[in-house]
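*Asks:* The structure's right below; bear with me while I get my questions together.
Numbering (the numbering used here), first residue to last: 62 to 209.
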């Protein structure tokens, strides 16, 4: 079935898009990526021996894939035309769905990043540290000078 899925995916990709990449993912599904349309389709064995689970989703900025937006089961015996039609419907559903939003952080609204100096301890911190050391040194001197 895996070899048949790969062959089917290659033929299907040629029908759907002019530019594509076909590969097998970690789960064993065959994935067709259409970078130019920012969409993907995966084919995986379904419950029946002649059925394939078809999923479709988006490719996000940076090249990662979003979870599947829609899926269907198609019998391979129906032919490549029916499989391509089912994929086009799924891709249309994926295109019609609103684009995934990037989650905004909770709490305060995001601010523009500030430029930071490479110095870890600022001048004010050094003044405080030296003042504390001076007070501690003065206390130690008083104890030693008074003999106590």
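For glycine and all other residues, C-beta sits at the position ideal for the given N, C-alpha and C.
None of the values given here were measured: they were computed from a predicted structure.
Are the beta-carbon atoms of residue 117 and residue 101 separated by less than 8 Å?
*Replies:* Yes, the pair counts as a contact, with Cβ atoms nearer than the cut-off.
*Asks:* Taking just the CA atoms, how far does residue 70 sit from residue 113?
*Replies:* C-alpha separation (whole angstroms): 11 Å.
*Asks:* Whose C-alpha, out of 66, 154, 139, 62, is nearest the C-alpha of residue 91?
*Replies:* The shortest C-alpha separation from residue 91 is found at 66.
*Asks:* Give the DSSP-derived three-state secondary structure of residue 65 in the structure shown.
*Replies:* It is helical.
*Asks:* What are the partner residues of residue 102, as DSSP defines its beta bridges?
*Replies:* 93, 117.
*Asks:* What do you get for residue 199, buried or exposed, if any count of 16 or more other CB atoms within 10 angstroms of its CB means buried?
*Replies:* So residue 199 counts as exposed.
*Asks:* With DSSP run on the structure shown, which of helix, strand or coil describes residue 155?
*Replies:* Helix, per DSSP.
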